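Top to bottom, those sequences are chains A and B.
Residue numbers for the first sequence follow the UniProt record's numbering, so the first one is 1 and each next one is one higher.
Residue numbers for the second sequence follow the UniProt record's numbering, so the first one is 1 and each next one is one higher.
All residues carry an ideal CB built from backbone N, CA and C; glycine is no exception.
The model shown is predicted, which means the values in this text are computed figures rather than measured ones.
Data first, discussion second: the structure below is written as structure tokens.
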Amino acid sequence: MPNASRSRQLPFILSINMADAATVTIRTRKFLTNRLLQRKQMVVDVIHPGRATVPKEELREKLAKMYKSNKEVVSVFGFKTHFGGGKTTGFALIYDSVESLKKFEPKYRLVRIGLAEAPKGGRKQRKEKKNRAKKLRGTKKSKAAAGKK
Amino acid sequence: MTDSPIATTEATENKPSELSVLLKDLKSKVTELKTQLKPIIQRYHDGEIKTSKGVSFLEVKYQLMVQYITELAFYVHLKLSGKQIENHPVVDSLVELRVILDKMKPIENKLKYQIDKLVRTAVMGTQKQPEVGDQDPLAFKPNPMNLLARDEEGEEEDEEEGDEEGQGKSGVYRPPKLAPVVYDENKGKKSKYERDQERLRERSSRSRVIRDLMVDMNDAPEEVDALGGVNEGMGYGERLDRQIKEKDDYEENNYVRLTTTRKEKQRMNAKNRMRFETEFDNLNDFNNLVGIQDVEREENERFKNVLNRKRQRTESGAGRSKKRSR
């Protein structure tokens with residue numbers, strides 16, 4: 001019985017390896033160095049025939065290697081695969097440092113990377129909290145927020 | 001056979017004479033140069049000419065050129081005397097000087113305007129430029145020193161007026177009188193005709209006939225994108241294709257992803273996608289072309305002036321028949 005389970009697992013692992021072995025080509029277009037926001041921004045074309053859309057983490061690593069920076073300052077988003085598969089287009093921002101990344105990136109992308117935490121509580125809770133805070137002024141707001149927690 | 005040696009000897013006889021003339025010229029010029037240089041060198045040794053501040057750009061250029069010419073002369077002398085030229089330090093220094101002179105060229109281009117102006121003022125003497133408003137639009141270069149002077153004057157004015165009126169400035173705003181600029185009344189206004197023309201031109205640039213012509217005549221290689229952009233858009237027909245392409249460009253330039261609205265989705269599903277455009281799709285292409293408007297107007301003019309033409313014909317017709325009868 002254990003042998004049978006093992007044999008069933010093996011082809012699964014093999015297929016993963018084969019998928020990884022397929023080449024992924026990354027091309028960047030419309031490259032622009034944005035000194036005001038301390039970053040380089042570009043449109044990324046990923047060509048991945050015979051493979052599903054490349055995950056963002058892998059793309060971050062590959063882009064960091066291409067542009068000789070480390071993975072922590074690369075932020076990718078907006079990836080859409082063309083009809084029929086094989087080609088994906090998205091955007092990438094490579095910051096000068098982690099500080100500038102934390103300063104300029106929107107919250108949700110920081111949460112995706114793992115550098116920030118999403119606000120807890122559902123949408124309804126957040127809105128109710130905001131409406132309660134509207135009735136107060138100044139430091140009482142922060143006190144109320146701390147009290148509620 | 002016998003002629004050619006005579007001819008060559010004549011030529012060689014002529015050449016030494018020319019050469020001797022040139023050599024005499026050279027000698028005289030060298031002596032002249034010596035007489036002129038001696039006092040300058042004397043002055044330098046006495047310490048009249050100061051070189052402590054370094055050498056200016058133009059001086060460097062002169063020095064380099066003089067050195068280049070002397071080295072060239074030496075090079076020619078070497079060649080004449082038949083000595084080996086390879087691996088001679090002269091060649092290296094010649095190349096070096098040449099490179100430096102070439103690198104100085106772009107800097108000189110940037111200084112060209114100032115140098116020209118200085119030379120012009122030097123040549124023309126100290127003629128004062130006529131009133132600012134007249135010629136020479138280049139006389140209006142930005143001058144930050146003007147701002148400083150005005151600030152100081154403003155402060156003085158404030159103090160004076162403060163004593164007199166007890167207020168900061170006078171109530172009336174007087175705009176500062178800077179260099180006068182041409183006032184264009186009709187800058188924003190465009191006549192109806194011009195607006196129409198512009199609209200027609202835009203429309204015609206979109207027509208397939210003109211676009212194919214442009215692609216034909218353009219030197220750039222043809223670009224054909226089989227897949228199109230991320231938003232599925234190819235073969236929907238001209239208008240939708242253009243909108244989809246615009247959407248793609250907007251997304252790429254602004255680093256956002258737009259959602260397809262319900263209407264867009266309906267439009268895409270409704271117009272069943274055509275992969276290949278049939279011949280009958282663009283029959284109205286010529287409607288977009290600009291020239292037609294003019295042709296229409298011309299034809300209408302003909303009809304408008306029919307009465308005048310008839311009158312003209314009757315007047316000149318008599319004359320014409322007379323000619324024919326002859």
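Chain A within 8 Å of residue i, Cβ atoms only
i, result
"B:Tyr-250", "no"
"B:Gly-154", "The predicted model places B:Gly-154 with a pLDDT of 47, which falls under 50 and marks its position as unreliable; any figure quoted below should be read in that light. B:Gly-154 does not count as touching chain A."
"B:Glu-232", "yes"
"B:Tyr-236", "no"
"B:Pro-144", "no"
"B:Arg-257", "yes"
is_contact[residue i, chain B] using C-beta, thresh 8 Å
i, result
"A:Thr-89", "yes"
"A:Gly-78", "yes"
"A:Lys-40", "no"
"A:Val-43", "yes"
"A:Lys-56", "no"
"A:His-48", "no"
"A:Lys-30", "yes"
"A:Phe-83", "yes"
Contacting residues, own chain, Cβ-Cβ under 6 Å from residue i (five flanking each side not counted)
i, result
"A:Arg-27", "Asp-45"
"B:Tyr-113", "none"
"A:Phe-79", "Thr-88 and Gly-90"
"A:Arg-137", "none"
"A:Thr-25", "Ile-47"
Beta-carbon contacts of residue i that lie in its chain and below 8 Å, excluding the five residues immediately before and after
i, result
"A:Lys-102", "Leu-110, Leu-115 and Ala-116"
"A:Lys-141", "Ala-133"
"A:Leu-32", "Lys-40, Gln-41 and Met-42"
"A:Gly-121", "Lys-129"
"A:Pro-119", "Arg-126"
Endpoints, alpha helix (DSSP H) assigned at residue i
i, result
"A:Phe-91", "Unbroken run through A:Phe-91 is the beta strand (DSSP E), 87-95; no alpha helix (DSSP H)."
"B:Ile-69", "57-80"
"A:Arg-60", "56-66"
"B:Arg-239", "238-254"
"B:Asn-231", "Element bounds for B:Asn-231: n/a, residue is neither H nor E."
"A:Ser-69", "Run containing A:Ser-69: none; DSSP gives neither H nor E here."
"B:Glu-264", "262-270"
"B:Gln-84", "Where B:Gln-84 is concerned, there is no enclosing alpha helix (DSSP H), given that its DSSP letter is neither H nor E."
"A:Arg-123", "123-134"
"A:Lys-103", "98-104"
"A:Tyr-108", "107-113"
First and last residue of the uninterrupted beta strand (DSSP E) at residue i
i, result
"B:Thr-121", "Looking at the DSSP string, B:Thr-121 is not in any beta strand (DSSP E); the run it does join, the alpha helix (DSSP H), is 89-124."
"A:Val-43", "39-47"
"B:Arg-199", "Element bounds for B:Arg-199: not the beta strand (DSSP E) but the alpha helix (DSSP H), 192-206."
"A:Lys-80", "74-81"
"A:Arg-29", "25-34"
Cβ distance (whole Å) where residue i is taken to contact residue j below 8 Å
i, j, result
"A:Ile-113", "A:Ser-75", "7 Å"
"B:Thr-101", "B:Tyr-75", "In the sequence as presented, Thr is not what sits at residue 101 of chain B; that position holds Leu. About 16 Å; that fails the 8 Å criterion."
"B:Asn-231", "B:Ile-244", "5 Å"
"B:Glu-251", "B:Leu-258", "6 Å"
"B:Leu-64", "B:Leu-97", "6 Å"
"A:Pro-49", "A:Gly-86", "5 Å"
"B:Leu-78", "B:Ile-69", "With 8 Å as the limit, B:Leu-78 and B:Ile-69 do not qualify as a contact, their Cβ atoms being about 15 Å apart."
7 Å Cβ shell around residue i - same chain, five flanking residues per side excluded
i, result
"A:Arg-60", "Lys-71, Val-74 and Val-76"
"B:Met-217", "none"
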